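Below is one structure; the comments refer to it alone.
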Amino acid sequence: MNNSAFTFQTLHPDTIMDALFEQGIRVDSGLTPLNSYENRVYQFQDEDRRRFVVKFYRPERWTADQILEEHQFALQLVNDEVPVAAPVAFNGQTLLNHQGFYFAVFPSVGGRQFEADNIDQMEAVGRYLGRMHQTGRKQLFIHRPTIG
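Numbers in this note's numbering are just positions in the sequence shown, counted from 1, shifted up by 276.
This is how it looks when you write it as structure tokens:
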């Protein structure tokens, strides 16, 4: 077992709750684990009944610059009216750190089942993909590896 895998094993619910509390979030509902291949992701509800998702990034997998670049892109997508869940800023920061774990908090947003035979949905997806590509052209990624 490598060191980063062992370190991730120490990410307990109390550690997560403490990290959120440091940001002024009081978890009311408990933590519901969500599917994630590399990271640890949980949905929860705060004391004001707002739903959030907290994402703890796998140690040593991503640099702070890479994560922040992803956050900037998500925020730009929102600005360009692409419906994505962008990270929430706390004191102007979207990337947070607790006990050596990078993490971010996102609003929990609902979705709907995609119907591939629905032409209206296909057109909407096409428009959003076009907007995503246009947004991506505005600023090149410099900290992420390129594909292809």
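Ideal Cβ placement from N, Cα and C applies to all residues, glycine included. Given the structure is predicted, the values throughout are model-derived calculations rather than measurements.
What is the rounded straight-line gap between the Cα of residue i and the Cα of residue j?
| i | j | result |
| --- | --- | --- |
| V329 | E323 | 14 Å |
| F320 | K331 | 11 Å |
| S312 | R337 | 14 Å |
| Q415 | Y404 | 18 Å |
Tell me which same chain residues have a C-beta within less than 7 Å of the C-beta of residue i, skipping the five on either side of it?
| i | result |
| --- | --- |
| P363 | H347, A350, T370, A380, V381, F382 |
| V303 | M293, L296, F320, D322 |
| R420 | Q342, E345 |
Is it buried or exposed, residue i, if we count other Cβ atoms within 10 angstroms and call 16 or more buried?
| i | result |
| --- | --- |
| F377 | buried |
| A295 | buried |
| V317 | buried |
| I395 | exposed |
| I301 | buried |
Give a yes or no on whether the minimum CB-CB distance between residue i and chain C is below 9 Å.
| i | result |
| --- | --- |
| Q299 | Absent from the structure: chain C. Only one protein chain is present. |
Taking residue i as the reference, give the member of the options with the closest Cα.
| i | options | result |
| --- | --- | --- |
| G368 | N315, L344, L307 | L344 |
| L353 | D341, E391, M408, L372 | M408 |
Which residue comes first and which comes last in the beta strand (DSSP E) that contains residue i?
| i | result |
| --- | --- |
| D340 | A small fix is needed here, since residue 340 is Ala in this sequence, not Asp. Not the beta strand (DSSP E): A340 falls in the alpha helix (DSSP H), residues 340-355. |
What span of residues does the alpha helix (DSSP H) with residue i cover, start to end?
| i | result |
| --- | --- |
| V401 | 395-414 |
| L296 | 289-298 |
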